Each structure stands twice: as C-alpha cells, then as structure tokens.
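Read in order, the letters of the sequence shown are residues 588 to 993 in the working numbering.
Step one of this worksheet: look at the structure below.
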Amino acid sequence: MRKLVLAYFICSNIDLAIFSKDNDVRDLDDETRLNRAEPASDENEISGDSESICWMTLNSSALFKTLDEIDGNNSKTNTTMNEREKRLQFFHRMKLRNNTHFRVNFIHNDISKMMITINLALVDLHLKGAYERALTEDDPSVLIYAPNFGEVEFLLKNVKYLMKGQYRLVNKHLTIELVKSDIEIEETLMMYTNQAIESAAIRLEKEKMGAFLSRLQNDLDEWMKDYFNDYLIYIELDGIEHMQELECQISLHDGALHGLNSMFRRSVPTGYKMDKVRKIDSIVAFSNLKVVYKYEAIIPTGVPSLSGELTLSANEVAARLGLSVIEEPDTVDLDIQFLNQMKAESLTVEGPANTLIANFRHVLENEIITLMASSLVHGVESLKSLPHCGKNKLHYSVLFDCCVSI
C-alpha cells in the first residue's frame, strides 16, 4: 500500500516535480522572452556542475521500481482490457440534405466598416454522408480493414448561427471575403441508414464532438459565404468608391509571456513502459497566461506616434505534457504540446491609442490577436527545453518584433 501511495504521489505531483528549481537559478516562469532561443552566454554558468543548474529533478529509480510493481499487479487486468474489441469510425462526403431550410433573423450592412452581420436560425440542420468503421489491434496504430460501411445522417436541432462577413469591393461588386461566426446547437442525433431500414437515433454528447463541431462550423462559413456571394454577384454598385480615410502603422516589440507558473494538472497521468524507457503523459492547463507587447502606432497626419501596451489574456489553455524517463543513466526528457484554448482570449489596449481602437478593430481582432496567440503557443511549447542542463540550457531573451500596416 505504501508503494502504491508513493506512485500516486509521484504521478499526481509531476507538475510540481518538473519545475523544482535551485535558488540560484533565475526564475523565468513569470516572464519568458519570446521568438527564439539562444544558448546561455555565461561561460562560468555552463561550465559548473550540471546538477546545480538543472531545471528539474526526478528520482527515476524510485519511479521505475514502484511502477514496475504496479504493472506486475495489474498485468492480468490490462490483458483483459486489451482483448476488448476497439473501433474507429470515419465520416466522409458529408453534405447538407436537399430540403434544408433556414430563417434569416436579421441582416445588417455597415458600408463604412465594409462589414455584414447576419443572424440565421438553421432550425433542424440535416447532414448526410458515409461512414466507415475500422477495427484496431492491441497496438492502436494498426488498423484492420473490414467491409463495414454505410450511410449515416446527423440531425442538429435548433441551430443558431451568427455570421460576420468582411466585404471587399472589386470592379463595382461587393463580395464577402472573410467570415467569422459563432454557432450554438441544442442537440445532435446520429442515425444509420440503408435502403431498407433506419436505425434508432443515437444522441451524441456535445463534449465529445469538439473537432466535429469545429469542422462543421468551418464548412458552414464556406457554404454561407458562397450562398450570399451568389446573390451579390448580380448587384452592381455604380458611383461608389471605398476610400481609406486613416492609415496607421502599428509596430510591436519587447514581447513577453507571463503566467507559466499558473500551470495545474487537468487529468490523471497515464503511462507505459517501452524497453528501458518509461513514458508518462498527462493533460495540464494554465489558468492565467498573458502575452504583453509594447506598441507604437504611427499615424501619417502629423500627430506624434502613440505608444503603449497590448495585453492578450488567455485563461484555461490546455496542453499535453509528456515525460520520457530512463533509469540508468538517470535521464528525463520533457515534451509539451499545445492542445486548445478553452476560453476565448481578450485583448486590452493600454495607452493613448485606445481612443482610436474603432479605426483598426478589424486588424486587432484578426492579425494582431493571431500574431500574439502564435507567440503564446510558442512560449508554452518552449517549456520542453527545461530539463536540458549545462550547455544545452536555453535562455529566451530575443525580442519579437513585427509591423502591421492598416
């Protein structure tokens, strides 16, 4: 029992163990510089004892001994679980059923901002396509082909779709160039169909449809953009010319990532042994990440340049944390992979330029947030260098600079 408790303690506190630092090591959790990594330039630092400057410590011998005993006790159970038949199901050639109807709640055009906002009620959205089922072996990477396929239909009930499109004026015609949307679905049912019978409807849980809904939303964006552009092509605007009244150049520099020390574990760690390597995986999250950039806005109207800070706040950012441990010699390798962001990010503009935010909102919502979000992902994934000691230790000190013209 004591060894079982020890193993649980090791696994449940893995996020604490990997970031146990010595007092003389500079803490980069609170502020990690972005863009690219550079080797430590201090020769005295890299020539010292590698253990004294190592970012993380883990008792590999105790971990191997405890988990090997647990594997032995649970070997029969694991074998029984592996004998259960597993399936993977694929869906392809999905399309809207011909009798799909939707209601337009409102359409709002803002020509000054070259934007259209459309609220649609898709009522019951029917998707039809084909499915194919594959069986898996004990090794989940091996798929066994079996002639098990057919037609499937999805019924998405009470779908609410909010679409925001950005216009472009080309040769006196308006076209929707870019679409952003929000979608709400009350319930999703799946039915298998063939020529003779229809199966009973299967209710699908929304929590297990993340990737499916994301792909569906992307397809709806394309369908709706094409649908409205087919009508806009017949409308010609004579005597209308869209002029850009204000040009602005925004320069971002001195980017920094804060809040890496807000990491916590979201799932129970799982692991397995492959030859002499023990692999442990878990899902972690960061509760309070912030990307901060200094900006300089240059407006060509004789007004002095405006400077301040842009802060991108991202809560509940999830990532996969993987450890590869070798007992002899004591070696630890860390891998971290960005998964998703469970809450929408928010951008705060500090400084005098916040009074002009309406003039470049489109750039803020699309280009600048995308650049800053990419920097956030890069900073999170850079944590994989933490277990490297001595000459392999990396400092993140190079600044990220970019320039956006409006």
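Quick reminder that beta carbons are idealized off the backbone N, C-alpha and C, glycines included.
Small disclaimer: the values here were computed from a predicted structure and weren't measured.
- One alpha carbon belongs to Leu824, the other to Val964, and they sit about 43 Å apart.
- In the three-state DSSP reduction, Tyr821 falls in the coil class, being neither helix nor strand.
- Gln753 and Phe651 have their C-alpha atoms spaced approximately 57 Å apart.
- Contact annotation, Leu714 with Leu761: C-beta distance approximately 30 Å; criterion of less than 8 Å not satisfied.
- Put simply, the stretch 911–918 does not touch the stretch 881–899. Fewer than three CB pairs are less than 8 Å apart.
- Shortest Cα-Cα distance from Val739 to any of Phe873, Ala787, Ile694 and Asn692 involves Ala787.
- The beta carbon of Gly909 is closer than 6 Å to those of Asp868 and Asp922 in its chain, skipping five residues each way along the sequence.
- Our two residues, Ile705 and Asp769, have alpha carbons roughly 11 Å apart in a direct line.
- Out of Phe815, Ile955 and Glu774, the CA that lies nearest to the CA of Met796 is found in Glu774.
- As DSSP reads the structure, Thr957 sits in no beta bridge.
- Across the set Ala931, Leu839 and Phe677, the C-alpha of Phe677 shows the shortest separation from the C-alpha of Glu719.
- Look at His840 here: in three-state DSSP terms it is strand.
- A residue is called buried once 16 or more other Cβ atoms fall within 10 Å of its Cβ, and Ala717, having fewer, is exposed.
- The beta carbon of Leu654 lies closer than 8 Å to those of Ala594, Gly858, Lys860 and Arg865 in the same chain, with the five residues before and after it left out.
- Leu707 is a Cβ neighbour of Met750, given a cutoff of 8 Å.
- One Cα belongs to Val855, the other to Lys971, and the distance between them is close to 20 Å.
- No Cβ-Cβ contact shorter than 8 Å links Met959 with Tyr882.
- Just measuring C-alpha positions, the residue of Met681, Leu743, Gln804 and Gly737 sitting nearest Val710 is Leu743.
- If you draw a straight line from the Cα of Glu932 to the Cα of Val912, it comes to about 35 Å.
- Excluding five sequence positions before and after Ala905, the CB atoms of its chain that fall closer than 7 Å to its own CB belong to Arg853, Ile870, Ala872, Leu926, Asn927 and Met929, given in chain order.
- Beta-bridge partners of Tyr718 (DSSP): Phe678 and Gly737.
- Ranked by Cα distance from Ile955, the first of Glu903, Val936 and Lys793 is Val936.
- In summary, Phe851 is exposed, with fewer than 16 beta-carbon neighbours lying within 10 Å of its beta-carbon over all protein chains present.
- Around the beta carbon of Pro891, a 10 Å sphere encloses fewer than 16 other beta carbons of the protein chains shown; the residue is thus reported as exposed.
- In the DSSP assignment, Leu973 is bridged to no other residue.
- In this structure, Leu876 places its C-beta atom within 8 Å of the C-beta atom of Ala901.
- In the structure shown, Arg802 adopts helical secondary structure according to DSSP, grouped into three states.
- Per the C-alpha coordinates, the member of Gln924, Glu914, Ile698 and Gly737 positioned closest to Thr780 is Gly737.
- DSSP places Phe815 in the helix class (H, G or I) of the three-state scheme.
- Inter-residue distance for Asn816 and Leu712 is about 21 Å (C-alpha atoms, whole angstroms).
- In the three-state DSSP reduction, Ser849 falls in the helix class (H, G or I).
- With contacts defined by Cβ atoms closer than 8 Å, Ile789 and Leu803 do not form a contacting pair.
- Note on Phe693: under 16 other CB atoms within 10 angstroms of its CB, so exposed under the neighbour-count rule.
- The three-state secondary structure of His688, taken from DSSP, is coil.
- By the beta-carbon neighbour count (other beta carbons within 10 angstroms, threshold 16), Ile763 is buried.
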